[in-house]
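Residue numbers (this note's numbering): 6 to 238. Glycine included, each C-beta is placed from N, C-alpha and C at the ideal position. Because the structure is a prediction, the values reported are computed rather than measured.
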């Protein structure tokens, strides 16, 4: 309604300007003349009223898009401004990094001397088997300084994983070398699962990648590279 009010003020100013521009001999208006001007203004108002309603509707749609998943260049500035706040949320949502046990064991063995290796043989196959379950894929947080590209948003995590499989199958070369993440976020009181890819070390790289996707008819959004990893089938 902010635009509607501005239009009304402009119309009123134009009417006053028209009255003041009349010669001094014609400053007096009869009642009929006044009624005629009121009727003309009413017709003009009725003519632009549908346009004003449409403008209000577009403003509401833009506000909704900004809340859900902004896709315009203006939303990039908003995303950059809120990135600092998202870092705190991402740190709370993402589980800490878990280093697989076998990697630690290999590091210890590398530091053993020749004599220690003779008297203290390497781990047996059974010990390695016992530690194997801990090396299963784990949830880890990527560096928060990286940039990412959001390619879709879903109502639950399983749909987001299936969505990634469809995208990877449709564009195998476009997503080659990129790691997908699923980021859970509250949007207008609703839990959404954002599908993101990355990481990009520079924002210009992520911008170029998003531009390439749009040229192929796929919507995307520049964002922070955060979320949870998942097992890729």
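Does the Cβ of residue i have 16 or more other Cβ atoms within 10 Å, making it buried, or fewer, making it exposed?
i	result
residue 68	exposed
residue 226	buried
residue 40	exposed
residue 153	buried
residue 222	exposed
residue 181	exposed
With DSSP as the reference, label residue i as helix, strand or coil.
i	result
residue 181	coil
residue 151	coil
residue 223	coil
residue 203	strand
residue 195	strand
residue 36	helix
residue 69	helix
residue 156	strand
Pick out whichever of the options has its Cα sitting closest to the Cα of residue i.
i	options	result
residue 176	218, 154 and 167	218
residue 237	209, 187, 191 and 230	187
residue 71	192, 42, 36 and 37	192
residue 235	42, 222, 165 and 215	165
residue 233	209, 221 and 201	201
Note down the Cα distance separating residue i from residue j, rounded to an integer number of angstroms.
i	j	result
residue 168	residue 213	22 Å
residue 59	residue 230	36 Å
residue 207	residue 53	47 Å
residue 61	residue 47	20 Å
residue 211	residue 55	41 Å
residue 189	residue 170	18 Å
residue 273	residue 57	Absent from the structure is residue 273, since the part of the chain shown begins at 6 and ends at 238.
*Spell out a yes or no on whether the region 191–201 and the region 150–163 are touching, meaning 3 or more CB-CB pairs, one atom from each, closer than 8 Å.*
With the cut-off at 8 Å, the region 191–201 and the region 150–163 touch.
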